[in-house]
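Residue numbers for the sequence shown follow my numbering, so the first one is 56 and each next one is one higher.
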Amino acid sequence: MWWSGDGGRRLVVLVALAASAFAFNTTENLPIGLLPLIAADLAVTVPAVGLLVGGYGLTVALVSLPLAHVTRNVPRRYLLTGVLAVLVLATALSVATTSYPVLLAARVATALAQALFWAVTAPVAVGLFRPAVRGRVVAVMSVGGSLATVLGVPAGTWLGEQAGWRAPFLGLAVLALVVLVLVATLLPTSAPEQSHGTRATAPHAGRFAAVLLVTAVSVTGMFTGFTYVAEFLTQVAGFAAGTVGGLLFVFGAAGLVGVAVVGHLLDRFPRGTLVCTVAGQAVALLGLWRFATERPVVVGLLALLGATAVPVFLATQARILHVTPGRTELGFAANSATFNVGIAAGALLGGAALPAGGPRTALLAGGLLTVLAAAVSLGDAARAGRDTTHRPVPA
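This is the structure in structure tokens:
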């Protein structure tokens, strides 16, 4: 995927791919803030609208690997152009329809496109640049995805409240159309195997399995506690309901800082960075459980949670580039599917923990799970450090 010269062109494509990540992640989670508006407009129940989010994540989890396998030989310019075209058309259909079944079908179509997008976009992006900066390239992609949480969903929710729930979806369709044009015109047409991003630098089936296990357990732990963070902040920590949005902004802003810092360190310390992010998440979750009524401490721990939990996906994606046996897009697809399964499992586990002691107990359960993930990550890093066959990424 590398072409000589045209550094500005490569950067434009990278920014376009990051903007695509922002559009996909915002589209996925936007209905969360618009549930009552969509339900009232389409005359359906709020749980039915909730299926627009839950069904989306389930679709991504189920189809990521099969779609990545089926499309493994399609030139990435054509594949990403098609994926973004589906995003544009399905989002436009969401804006135009007055039928809940049609809206649900449009969401499923978008989820199919997103599953494929996350499988192939990282190999494409890193293939545009020299191998030594793989971590930083993946970090740029992660910033785009993280901005969806910090900026995209809150701004879309506000716009929906002012101009109707269709307005933010229309804005996302326009953004997707712009990046579609950029990718279709600037991304070179080449076979997937021509990119160095399609193969890992140190393939190892055992370490690949360890990365997936860390993803599954850490994400489950995170969402076991964080799914019910609003209830924790108001019912346990004693914050006023009107402050929850600001506190979540602290979490999201710290997450962006964490992504930037982790992205800078990944190329030099790929194993240690993953250990530190997962361990930091464990400390934050357990700290929130332990110091639940100390409001200044809670604010600081929320920032720590954002700075460590948000970059975990970035750190695992970078490890996928190092250890995946075979084609990396299959590794990314497996990691994305595992991530979505972890979100669903965490929400269910946290809900089951609530009757035992409320949201504080959910944080304790999430923290203990994350300790297990940190132990797995540390053990894998120690084994890899003793492996004399490992070689650094060439400059």
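Glycine included, C-beta positions come from ideal geometry on N, C-alpha and C. Since the structure is predicted, the reported quantities are computational estimates derived from the model, not experimental observations.
Discussion item. I need the straight-line Cα distance from V10 to N80, nearest angstrom please.
Written reply: In this structure the chain extends from 56 to 450, so residue 10 is not present and cannot be described.
Item to complete: Go through its chain and collect everything with a Cβ distance to R132's Cβ below 8 Å, but skip five positions before and after it.
Response: V238, A239, L242, P243, T244 and S245
Worksheet item: Who are the near neighbours of P414 in its chain, counting only those whose CB is closer than 7 Å to its CB and skipping five residues on each side?
Response: Y283, E286, F287, Q290 and V291, listed in sequence order.
Practice prompt. Out of R350, R221 and V236, point me to the one whose CA is closest to L139's CA.
Written response: V236
Discussion item. Within 8 Å, do at least three Cβ pairs link the stretch 200 to 213 to the stretch 301 to 310?
Written reply: yes
Discussion item. With a threshold of 7 Å on Cβ separation, who are the neighbours of L267 within its own chain once the five nearest residues in sequence on each side are excluded?
Written reply: A389, N390 and T393
Worksheet entry | Beta-carbon gap between L92 and G276 smaller than 7 Å | Their beta carbons are not under 7 Å apart, which means L92 does not touch G276 by this criterion.
Worksheet item: Quick one: what's got a C-beta closer than 6 Å to L171's C-beta in the same chain, skipping five residues either side?
Response: L122 and V138
Fill in: Simplified DSSP assignment, three categories, for D322
coil
Discussion item. Quick check on the DSSP output: the alpha helix (DSSP H) that includes H124 runs from which residue to which?
Written reply: Annotation: the continuous alpha helix (DSSP H) that includes H124 extends over V101 to V125.
Worksheet entry | Span of the alpha helix (DSSP H), counted from its first residue to its last, around F281 | A260 to F281
Worksheet item: Among A73, V118 and T153, which has the Cα closest to the Cα of A194?
Response: A73
Discussion item. On the criterion of 16 or more Cβ atoms from any shown chain inside 10 Å, does W213 qualify as buried, or is it exposed?
Written reply: exposed
Worksheet item: Just curious, the alpha helix (DSSP H) that G207 is in, first and last residue?
Response: Run containing G207: none; DSSP gives neither H nor E here.
Worksheet item: What are the boundary residues of the alpha helix (DSSP H) that G182 is part of?
Response: Taken as a continuous stretch (DSSP letters only), the alpha helix (DSSP H) holding G182 covers Y155 to G182.
Worksheet item: Taking just the CA atoms, how far does V205 sit from P333?
Response: The amino acid occupying residue 333 in the given sequence is Val; Pro does not appear at that position. Whole-angstrom Cα-Cα distance: 21 Å.
Worksheet item: Is the stretch 181 to 201 close to the stretch 89 to 105, with three or more CB pairs under 8 Å?
Response: no
Worksheet item: Which residue's Cα is closest to the Cα of V312: F294, L359 and V157?
Response: L359
Discussion item. Give me the residue from A95, V150 and T82 with the minimum Cα distance to L225.
Written reply: V150
Worksheet item: How about L427 and A370: are their beta carbons less than 7 Å apart?
Response: no
Item to complete: Would you mind working out which of G109, F324 and E384 sits nearest H124, comparing C-alpha positions?
Response: The option with the nearest alpha carbon to H124 is E384.
Worksheet item: Alpha carbon to alpha carbon, how far is L302 from R127?
Response: Using only the alpha carbons, I get a separation of about 42 Å.
Worksheet item: Just checking my contact of F294 with R350 at CB under 8 Å: how many whole Å lie between their CB atoms?
Response: 7 Å
Practice prompt. Might you give, ordered along the chain, the residues of its own chain that have their beta carbon closer than 8 Å to the beta carbon of V299, omitting 5 neighbours on each side?
Written response: A285, L288 and T289
Practice prompt. May I ask which residues mark the beginning and end of the alpha helix (DSSP H) holding P223?
Written response: R221 to L241
Worksheet item: Is it right to say T348 is buried, meaning 16 or more other beta carbons lie within 10 angstroms of its own, or is it exposed?
Response: exposed
Discussion item. Taking 7 Å as the threshold (C-beta atoms), are S273 and V367 in contact?
Written reply: Yes, the pair counts as a contact, with Cβ atoms nearer than the cut-off.
Fill in: The alpha helix (DSSP H) enclosing T136, as first and last residue numbers
It spans R131 to A151 - the alpha helix (DSSP H) in which T136 sits, taken as one unbroken run.
Fill in: Reduced DSSP secondary structure (H/G/I, E/B, other) of F77
helix
Worksheet entry | Where the alpha helix (DSSP H) through R351 begins and ends | According to the sequence provided, residue 351 is Pro. The question's Arg does not apply to it. P351 -> alpha helix (DSSP H) spans R350 to A364.
Worksheet entry | Buried versus exposed call for H319 [16 or more other C-beta atoms within 10 Å across all chains shown] | exposed
Item to complete: Tell me whether Q169 is buried or exposed, calling it buried when 16 or more other Cβ atoms sit within 10 Å of its Cβ.
Response: Answer is buried; the Cβ neighbour count reaches 16.
Worksheet item: Is the closest heavy atom of the ligand SAM to the C-beta of A407 under 6 Å?
Response: Of the ligands one can find in the structure shown there are none, so the ligand SAM has no counterpart to examine.
Worksheet entry | Inter-residue CB distance, S75 and V234 (contact presumed, cutoff 8 Å) | 5 Å
Discussion item. For a test of the three-state rule: what should DSSP assign to A347, helix, strand or coil?
Written reply: coil
Worksheet item: How long is the line joining the alpha carbons of R345 and A420, rounded to whole angstroms?
Response: Going from the Cα of R345 to the Cα of A420 covers about 12 Å.
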